[in-house]
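Novice: Okay, handing you the structure first.
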Amino acid sequence: MRGALELKRPSASADVAWNKAVRTPWVKLTAEERAAGWPDAFTPENLARLQHPYEGTDPEKKRARRDQAALLDALRTNIEDGTLPTVERTRTENEMERRAVTNWNAPRSTWARGLFCNDDRPPTVIQPIKVGERTVTCHVIERAAFRDFLAAQGIEPSEHIRAWLRPLEQAEARQKEAEPASLTPMKRAAIIKRLGRRFEALASALDRPELWAKACRVPEGASPDGKRGWYYLESIEAECCARYGGPSPAAAVDMSPAGQLRAIGK
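In full-length UniProt numbering, the protein residues as written are 1 to 266.
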């Protein structure tokens, strides 16, 4: 059974790709999110902007906006249909209001004159001011779900999206390397037909059967038909090579249970 994939997250300051991604126009992230590095998931809006960055010449920017809108519409439709899985997250956002603020750094020439020198007043500017916080619920898309969505649409991931997907692909590669090699169950007659010419003593070893051959049996409950008489091809071949030597492996044949039954005439 596969465990959860372990994704290594580099720090933001050490990751050039992340530093470029956070500078993509219109990508909205909190200061904490920017400092944390690549997240496990993005909002649909941020994914659309990272997939089609608003960059380049004016025609390229117009095309990017159209592509962003088309991708975002498709993402929202698939989410509503339930065909694109999402994860619900909450985040804290600042509540802002635009207020007049005294600009003490303005040049003295812009200050309003008073009756006396000490009565001069600096101008005011309108600025957004934090007046509180609110908790917002949003739906985000994780790496594997977005990768599968792009593949189904025939869309190549952008530079930013490829960098985001890289930890997932690296984790999958590590997991695949750690998995044991798959074993092929085969009937006794099919194994002899496949390996008998290379190892003449094999038929006799399976007829008795010898202890090492018994160790290569497929457990009765795990065999393709639930019955006895099945062996693991790779285990038998490895034992034969160790005991008898022999030439290089024979050409591959159909090793499915149906193919094996056809091969032995059943």
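Ideal Cβ positions, reconstructed from N, Cα and C, are used throughout, including at glycine.
1) For the candidate residues Arg-65, Lys-130, Asp-40, whose alpha-carbon lies nearest to that of Ile-161?
2) Excluding the 5 residues preceding and the 5 following Ala-122 in the sequence, name in chain order all residues of the same chain whose CB lies nearer than 6 angstroms to its CB.
3) With a 10 Å radius around its C-beta and 16 neighbouring C-beta atoms as the bar for buried, classify Ala-35 as buried or exposed.
4) Tell me whether Lys-187 is buried or exposed, calling it buried when 16 or more other Cβ atoms sit within 10 Å of its Cβ.
5) Using the Cβ count rule (16 or more neighbours within 10 Å means buried), how would you classify Thr-83?
6) Can the beta-carbon of Gln-68 be found closer than 9 angstroms to that of Arg-91?
7) Compute the beta-carbon to beta-carbon distance between Trp-26 and Tyr-54, rounded to the nearest angstrom, for a pair I have assumed lies under 8 angstroms.
8) How far does the alpha helix (DSSP H) with Ala-213 in it reach, from first residue to last?
9) Determine the contact status of Glu-93 and Pro-128, defining contact as a CB-CB distance below 9 angstroms.
10) Identify the residues that DSSP records as bridge partners of Glu-172: which are they?
11) Might you give, ordered along the chain, the residues of its own chain that have their beta carbon closer than 7 angstroms to the beta carbon of Ile-264, omitting 5 neighbours on each side?
12) Taking the continuous beta strand (DSSP E) assigned at Val-218, which residues delimit it?
13) Rounded to a whole number of angstroms, what is the C-alpha to C-alpha distance between Ala-64 and Leu-71?
14) Do you know how far the Cα of Cys-216 is from the Cα of Lys-227?
15) Identify the residues that DSSP records as bridge partners of Ile-161: which are they?
16) Mapping DSSP to helix, strand and coil, what is Lys-187?
17) By DSSP, does Val-131 sit in helix, in strand, or in coil?
18) Determine, using beta carbons only, whether Lys-130 and Glu-95 come nearer to each other than 9 angstroms.
19) Out of curiosity, what's the CA-to-CA distance linking Glu-239 and Ile-155?
20) Please state the DSSP three-state secondary structure of Asn-105.
Specialist: Inspection of the coordinates gives the following:
1) Asp-40
2) Note that residue 122 is Pro in the sequence shown, not Ala. Cβ neighbours of Pro-122 beyond the five flanking positions: Thr-102, Asn-103, Trp-104, Ala-106, Trp-111.
3) exposed
4) buried
5) exposed
6) no
7) 6 angstroms
8) 211-214
9) no
10) According to DSSP, which records beta bridges pairwise, Glu-172 is partnered with nothing at all.
11) Low confidence applies to Ile-264: its pLDDT is 48, below 50, so where it sits in the model is not reliable, and the reading given next is rough at best. Only Lys-187, Ala-189, Ala-190, Lys-193 meet the Cβ criterion.
12) Note, Val-218: premise wrong, no beta strand (DSSP E); not H, not E.
13) 10 angstroms
14) 15 angstroms
15) Beta-bridge pairing links Ile-161 to no other residue.
16) strand
17) strand
18) yes
19) 47 angstroms
20) coil
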